[in-house]
Amino acid sequence: MFLFQRIVLFLFLYLSGAQYLFAQWPLSDSTERAIDRLLAAMTLEEKIGQMNQYNGFWDVTGPAPKAGADKFKYDHFKQGLVGSVLNVRGVTQVRALQELVVKQSRLGIPLLFGFDAVHGYNTVLPIPLAEAASWDLPAIERSARVSATEAAASGINWTFAPMVDISRDARWGRVMEGAGEDPFLGAKIAVARVKGFQGNDFSSPFNILATAKHFAGYGFAEGGRDYNTVDVNALTLHNTILPPFYAAVNGGVASVMNSFNIFNGVPATASHFLVQDILKRNWKFKGVVVSDWGSGIEMIDHGFAENLSQVASLAANAGSDVDMESYAYVNHLSEEVRKGNVSIATIDQSVRRVLRLKFMLGLFKDPYKYCDSTRERVYSMHPEHSQVARDMAKRSMVLLKNEKQLLPLVEKGKKIAVIGALAADKNSPLGNWRLAAKDSSAVSLLEGFDAASISYQYAPGVKLVAGDPVHFVQELAINTTDTSGMAYAISIARTADIVVMMLGEHGLQSGEGRSRAQLNLPGLQQQVLEAVYAVNPNVVLVLTTGRPLAITWAAEHIPAILLAWQPGSQSGHAITDVLLGKYNPSGKLPMTFPRSDSQLPIYYNHFSTGRPGPKKEVFWSHYIDESHAPLYEFGFGKSYTHFSYSDLQLASRGDTVVVQVNLTNTGSVVGEEVAQLYIHDRFSSIVRPIRELKGFKKVQLAPGVSTTITFELPVSLLGYYNETGTLLLEPGWFDFYVGGSSAATLSTSFLYSKK
Ligand code: GLC
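Numbers in the numbering used here are just positions in the sequence shown, counted from 1, shifted up by 2.
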C-alpha cells in the first residue's frame with residue numbers, strides 16, 4: 003500500500019475512532035464503524051493474522067533471524083500475520099517489535115503484548131491463594147494494581163490473570179494461583195483483581211487488559227492431577243465453577259482464556275457450549291477468547307481432532323478468537339474458510355473482538371503508548387510497591403494455633419533458635435508464576451529477623467532440595483536422605499528458649515505441572531520437626547506453602563503455627579512483623595486444610611448425603627481409619643486477640659434479607675475479624691450444600707469495643723442454578739449462620755415465602 007494510502011487509512015481510523023478511543027469498555031458503535039473499515043481493507047490472511055499469537059523468541063533488538071525456526075515467525079510479523087505476542091517484554095524489546103509490525107506490515111496494525119503478571123511483575127506479591135486468605139478486597143485490588151503498573155511500565159498491555167478456577171483439591175498445583183474453594187469469595191476476588199489490573203479507563207498507560215482463566219472447570223482435574231480429565235455435572239458448572247467467571251465478565255474483564263480440559267467430553271477450546279452459548283450469547287461477553295498455550299493442538303491428543311486443519315475449524319467455529327502457540331489458525335484457517343468449513347462472518351467476529359481491544363487501549367492512536375523507558379525505570383521495584391507487597395503479605399497470613407502464648411514473639415532476653423532451610427531461602431517465597439522477578443530476590447526470614455535486630459542462632463536442619471533450582475522448568479530433587487544437618491539443629495534447639503521453624507514447600511512445588519500426591523512436609527522436614535520438638539516443645543512453626551498441607555501431627559503437638567503461604571518479595575519482613583505482633587494476623591482459610599491427603603477432595607460447602615454423621619453405628623458417611631472432619635475448616639483463622647458474636651437478628655425488607663450481628667473484641671489488642679455469613683437451604687428440589695458463604699465483612703476493633711455488622715442479602719442469593727443455568731428461588735426455610743469461620747454456630751432461621 004502506498005504511503006499516501008496508509009496515511010489516509012490511518013487518519014480514517016484515528017479520527018473516526020478518536021472520540022471513543024478513551025471510551026469505557028465496551029466501546030460504542032463509532033469504533034465498530036472504524037473496525038468495519040479496517041476489516042474491509044484486510045485480506046483473509048491478514049484477518050487470520052489477528053487471531054494468531056506467538057510466544058516471544060529471538061532477541062528482537064538483535065539481528066533478525068536469518069534461518070531456522072524463528073525465520074518464518076519474523077516474516078509473519080512483517081506480513082501482518084501476527085496479532086499478539088506473549089513473553090516479549092521490556093520497553094526496548096516491545097518497541098522494537100511494535101515498530102517492525104507497525105512500519106513494515108501492510109496495514110500496520112499494532113500488536114498486543116501479553117504476559118502472566120499473575121501476582122506481581124518485578125515486585126512479587128503473595129501468591130493469589132495467600133491474598134485470598136486476606137478476604138481483603140481493597141488490598142487485593144491494590145496488589146493487582148502494582149502488578150499492572152510494573153507490567154505496563156515494561157511494555158505489557160495484557161496480563162493473563164486473574165486465574166479464577168475454583169478447586170477443592172489441594173493436590174492440584176495450581177490452587178496457588180486461585181482464590182480457593184468457594185464461588186462467592188472467588189467471585190468477589192475476581193472482580194477486585196480485574197479492577198486492579200484494568201483500572202477505570204484504558205487511556206491510562208498503567209492500565210492493562212485482564213484475562214479471566216481458565217474457562218472452564220480446570221480446577222476439577224480428577225485426582226488433583228494437572229491437565230487430567232474433568233468430569234463434573236451441570237450443577238457444579240453453574241453453581242460452583244462459573245460464578246467467578248460471570249462476575250469477572252460483568253466486572254468488564256477484557257479477555258477470557260480457554261482451559262486445557264474437556265467439558266462434557268469436548269475440549270474447552272472447541273466447546274461451542276462454553277464459549278458461544280454461555281460466554282458470548284448468554285453473558286454477552288464482548289472481549290477476546292484466547293486459547294491456552296497449545297490448547298488447540300492438544301485436541302489431537304484428546305482424540306477430538308485428527309489434524310490441525312480440524313483444530314482450526316473446530317476452535318474458530320466454537321468462538322475461540324485467538325490461537326496461542328498451536329499454529330493452527332495461521333497455517334490452516336484460510337484453507338478451512340476456502341473449503342467452506344468456517345465462514346468469513348465467523349472470522350470477522352473474532353477479528354472484530356481483537357481489534358476492539360486494540361482500539362480500547364488506544365494503540366491505533368499511539369502504538370508505543372506502553373513504551374516509555376523513563377516509566378520503566380521509575381516504576382520497576384518502586385519502594386511503594388514493596389510497601390504494598392509487605393502489607394498484602396501480612397494480611398494474607400493465617401494464625402492456625404497459638405498456645406502457651408508463644409506469639410507474639412517476645413525476643414527480649416530470650417534465646418531464639420531458627421531452624422529450617424526455608425528460613426534462609428530467598429527464592430521460594432516468590433512462589434510460582436513470577437517469571438519477571440529476579441531469582442532469589444525475596445527477603446528471607448533470616449533477613450527479616452536481622453532487620454528487626456532479633457538475635458538468634460540458625461541451623462538449616464536439612465536441605466529441602468538438592469542444588470538450588472530457581473528456574474521454572476527445572477524438576478526439584480527433594481532431599482530424602484541427607485540428614486547431616488540434623489544434629490546441629492537439635493543442639494541449638496536444646497538450649498533455646500523458643501525455636502522458630504520455617505518448614506513447608508519449595509516455591510516450585512506448586513503451580514502449573516506441580517501436582518502432589520502427598521500433602522506432607524516434603525523431604526525430611528517432618529523428622530526435623532519431631533526431633534526438635536522432642537528436645538524443646540516451645541516451637542513456633544512458620545508454614546510456607548503453595549497449597550493446603552496435611553499437617554496433622556504439627557497441629558496436635560506444635561503450640562504455635564503461622565501459615566505464611568508464599569508471601570512474595572517482602573516475605574521476611576512481613577513474617578517478622580506478624581511474629582513480633584507489629585501486625586495482628588487476620589487471615590482466614592480460603593481453602594480447607596485436610597487431615598490427610600486421602601480425604602481429598604474435602605471442602606466445606608458439601609452436600610449432606612443421606613447418612614450424615616457422626617453416628618454411633620457404622621452406617622454413615624465416614625472412614626473407619628480417619629476422621630471425616632477437616633484439620634482446619636474453610637474460613638478458619640485465629641488472632642492475637644479474641645472476638646465474640648452475639649445478638650444475631652434477621653429481618654426481611656422487600657427483596658433484601660437484612661442480617662445483623664454484634665461483634666466484640668474481647669481480647670487485649672487491636673485486631674481485624676472477617677465476619678462470615680452462611681446460609682443453608684434446608685429443603686430444595688435440587689439438594690443444596692449444608693452451608694454456603696453469602697457475605698463477609700472485615701472489620702478492625704480495638705480491645706473491648708463492639709460494633710454491629712449488617713449484611714444486606716439480595717434475596718436472589720438464596721437461589722441456585724439448575725442444570726440449564728436457570729436461577730431457581732424456592733420458598734422454604736433457610737438457616738443463617740454468622741461467625742468467624744464456616745463452622746459458625748450462632749444461627750437463626752428465615753422462612754422465605756415467594757411473593
Ligand atoms: C500456561 C498456562 C496459562 C498461561 C499460558 C501463557 O500453560 O496454563 O495459565 O497464561 O500458558 O503463559
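Positions of the beta carbon are idealized from the N, C-alpha and C atoms, including for glycine.
Model, not experiment: these values are computed from the prediction.
Could you tell me the distance, in whole angstroms, from the CA atom of residue i to the CA atom of residue j?
| i | j | result |
| --- | --- | --- |
| D294 | E514 | 12 Å |
| L448 | D167 | 34 Å |
| T161 | S32 | 27 Å |
| Q407 | L127 | 30 Å |
| H624 | P616 | 8 Å |
| L131 | A307 | 35 Å |
| A426 | Q568 | 14 Å |
| L551 | V445 | 23 Å |
| I577 | A181 | 21 Å |
| V356 | K590 | 39 Å |
| S648 | K699 | 16 Å |
| I50 | H608 | 45 Å |
| G342 | Y680 | 53 Å |
| K190 | A272 | 28 Å |
| N159 | L211 | 6 Å |
| A745 | E635 | 7 Å |
| G226 | L545 | 22 Å |
| D61 | K360 | 24 Å |
| G296 | L102 | 25 Å |
| P780 | R195 | Residue numbering for the chain in the displayed model covers 3 to 757; residue 780 lies beyond these limits and cannot be assessed. |
Based on the DSSP secondary-structure assignment, which residues constitute the bridge partners of residue i?
| i | result |
| --- | --- |
| L591 | Looking at the DSSP assignment, L591 forms no beta bridge with any residue, so it has no partner. |
| A214 | V258 |
| Q55 | S86, M326 |
| E694 | I681 |
| Q459 | A419 |
| L131 | Answer is none; L131 lacks a bridge partner. |
| V544 | M504, L564 |
| F738 | I681, T750 |
| I264 | P269 |
| E714 | V660 |
| Y480 | The question names Tyr, but residue 480 is Ile in the sequence shown. V467, per the DSSP bridge assignment. |
Give every residue of the same chain whose Cβ lies closer than 8 Å to the Cβ of residue i, excluding the five residues on either side of it in the sequence, and list them in chain order.
| i | result |
| --- | --- |
| N284 | G727 |
| R496 | V537, N538 |
| F14 | Legend: pLDDT at F14 = 47, less than 50; position of this residue unreliable, no value from coordinates given. |
| A318 | M53, Y331, L335, E338, V344, T348, I349, S352 |
| S388 | T125, S571, Q572 |
Sorted by chain position, which residues of the same chain lie with C-beta nearer than 6 Å to residue i's C-beta, five sequence neighbours on each side aside?
| i | result |
| --- | --- |
| W622 | R613, G615 |
| K417 | A498, D499 |
| A25 | Interpretation of A25 is limited by its pLDDT of 28, a score under 50 that renders its predicted location unreliable; the figure taken from the coordinates is listed afterwards. Correct list: empty, nothing qualifies. |
| V104 | G110, P112, P369 |
| A236 | E725 |
| Y123 | S149, E152, A153, A438 |
| L365 | P112 |
| I560 | V541, L543 |
Looking only at its chain, what residues have a beta carbon closer than 7 Å to the beta carbon of residue i, apart from the 5 residues adjacent to it on each side?
| i | result |
| --- | --- |
| K75 | Y56, F59 |
| P716 | D657, T658 |
| G450 | G574, H575, I577, T578 |
Taking only beta-carbon atoms, is residue i less than 7 Å away from chain D?
| i | result |
| --- | --- |
| S687 | Within the model displayed, chain D is absent; a lone protein chain is all it includes. |
Taking three-plus beta-carbon pairs below 8 Å as touching, is the segment 710-730 in contact with the segment 233-241? The answer is yes - the segment 233-241 touches the segment 710-730, with three or more Cβ pairs under 8 Å.
Give the list of continuous beta strand (DSSP E) stretches no shorter than 3 residues that lie fully inside the segment 367-436. If one requires a minimum length of 3 residues, the beta strand (DSSP E) runs lying completely within the segment 367-436 are 400-404, 418-421, in chain order.
Runs of beta strand (DSSP E) lying entirely within the segment 168-225, each at least 3 residues, in chain order: The beta strand (DSSP E) runs lying completely inside the segment 168-225 and spanning 3 residues or more are 213-217, given in chain order.
Determine contact between the segment 273-281 and the segment 197-212, defined as no fewer than three beta-carbon pairs at a distance below 8 Å. Inter-segment contact for the segment 273-281 and the segment 197-212 is absent: fewer than three beta-carbon pairs are separated by less than 8 Å.
Would the segment 203-217 and the segment 245-261 be scored as touching if the rule is three or more Cβ pairs under 8 Å? Cβ pair count under 8 Å is three or more, so yes.
Can at least three beta-carbon pairs, one atom from the segment 88-102 and one from the segment 134-143, be found at a separation below 8 Å? The count of Cβ pairs closer than 8 Å, one atom from the segment 88-102 and one from the segment 134-143, stays below three, leaving the stretches out of contact.
Extract the residue ranges of the alpha helix (DSSP H) inside the segment 340-371, only unbroken runs of 4 or more that lie entirely within it. For secondary structure counted as the alpha helix (DSSP H) over 4 or more consecutive residues, the segment 340-371 holds these complete runs in sequence order: 346-363.
May I ask you to verify whether the segment 594-603 touches the segment 95-114, counting CB pairs closer than 8 Å and requiring at least 3? Judged by Cβ distances under 8 Å, the segment 594-603 makes no contact with the segment 95-114, as fewer than three pairs qualify.
Within the chosen definition, does the segment 171-181 reach the segment 503-523 through at least 3 CB pairs nearer than 8 Å? Between the segment 171-181 and the segment 503-523 there are three or more C-beta pairs closer than 8 Å, enough to call the two in contact.
Does the segment 702-717 come within contact of the segment 624-639, defined as at least 3 CB pairs closer than 8 Å? When Cβ pairs closer than 8 Å are counted between the two stretches, the segment 702-717 is seen not to touch the segment 624-639, the count staying below three.
Please go through the segment 627-680 and give each complete beta strand (DSSP E) segment of 3 or more residues, from N-terminal end onward. Segments of the beta strand (DSSP E) lying fully in the segment 627-680: 645-655, 658-667.
Jot down the residue ranges of each uninterrupted alpha helix (DSSP H) in the segment 89-133, minimum 4 residues, whole runs only, in chain order. Counting whole runs of 4 or more residues, the segment 89-133 contains the alpha helix (DSSP H) stretches 93-106.
Would you call the segment 527-547 and the segment 249-256 in contact, with 3 or more CB pairs under 8 Å? Segment contact: the segment 527-547 against the segment 249-256, fewer than three CB-CB distances shorter than 8 Å; contact not assigned.
If contact is defined by three or more beta carbon pairs under 8 Å, each pair taking one atom from either stretch, is the segment 385-404 in contact with the segment 475-485? No, because fewer than three Cβ pairs between the segment 475-485 and the segment 385-404 fall closer than 8 Å, the two stretches do not touch.
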